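Here's the structure, in structure tokens; my notes come after.
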Amino acid sequence: MHDVFLISGMIFVGLILLCLVRVILGPTVLDRILGANVIGTITTILLLLIGFLFENVGMFVDIAIAYALLNFIATLGATKYFLRRKAVHLDKE
Amino acid sequence: MMTVIVAALLFAGVFFFAIGVIGVLRFPDFYSRLHGAGKCDTLASILILVAMALYNISDFSMGSLLVSLKMLAIAAFVFVASPTATHAITEAALVVGVEPWSRKKEDTA
């Protein structure tokens, strides 16, 4: 079971790197926020996997809860900020 | 038996996450990328959290029960929060005026 958790964790790190491509390339700011939101969700899962690998889930589950809340609040805050700014298109227009 | 169920749920979650990330990378415009991110994210993370809660409770004690309940609490929170965040981003895009993709524009461009 340890190997299963390790392999899924490695796949998740690869998926985070793929999502980072969207964050870097994304044509609008909202694309970048979306990519960061997906990265945050994957990180919540990855923290729990790290907890299983270190056999200390009781500590890491609290960190995962805090990270899920923080990810949600950060996405809402950034979205509200760019809702008022109305300057999403930085280039290509 | 429990190991097989947990591994199946875990790899189903990894599969749906991979689909969602490929959708975020490859879809042609912002709204369809939101479709990929919002749906696959919610489903996949709930599958993985249920798998890990099942694995954690397989040797039963009060401590592991508490940790499993916390994982299910994360699942419930993600089930509410991820569509809400997606909705907020969509509303911002609509208000700001991000153009939806259409095949006609692709041809003329």
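These protein sequence lines are chains U and S, in that order.
Count along the first sequence from 1, add 436, and you get the number used in the working numbering.
Count along the second sequence from 1, add 263, and you get the number used in the working numbering.
Cβ coordinates follow ideal geometry from the N, Cα and C atoms, glycine included.
The structure presented is a predicted model; accordingly, all values stated were derived computationally and were not measured.
- By Cβ distance, which residues of its chain are closer than 7 Å to Y318(S), with the 5 residues on each side in sequence left out? V269
- Given that I481(U) touches chain S, what residues does it touch there, using C-beta distances under 7 Å? S308, I311
- Assumed close pair G286(S), A307(S) - CB separation to whole angstroms, cut-off 8 Å: The pair is not a contact, with the Cβ atoms about 12 Å apart (cut-off 8 Å).
- Query: Are the C-beta of D304(S) and some C-beta of chain U separated by less than 8 Å?
  - Reply: yes
- Rounded C-beta distance between K333(S) and I443(U)? I'm assuming under 8 Å. That pair is no contact at about 24 Å.
- Cβ-Cβ distance between A510(U) and F340(S) below 8 Å: no
- Message: Closest to S345(S) by C-alpha separation, out of V440(U), T477(U), M495(U), would be which residue?
- Response: T477(U)
- Item | Nearest to F488(U) (by Cα), restricted to the options A348(S), P291(S), S331(S), F280(S) | S331(S)
- Report buried or exposed for L273(S), applying the criterion of at least 16 other Cβ atoms within 10 angstroms of its Cβ. buried
- Neighbour list for V493(U) in chain S, Cβ cutoff strictly below 7 Å: N319, V330
- Determine the closest residue to L310(S) out of T349(S), A351(S), E354(S), I337(S), with distance taken between C-alpha atoms. I337(S)
- Message: Suppose you measure from the CA of E362(S) to the CA of M315(S); what does that come to, to the nearest Å?
- Response: 40 Å
- Task: Tell me where the alpha helix (DSSP H) around V361(S) begins and ends.
- Result: Unbroken run through V361(S): none, as it is neither H nor E.
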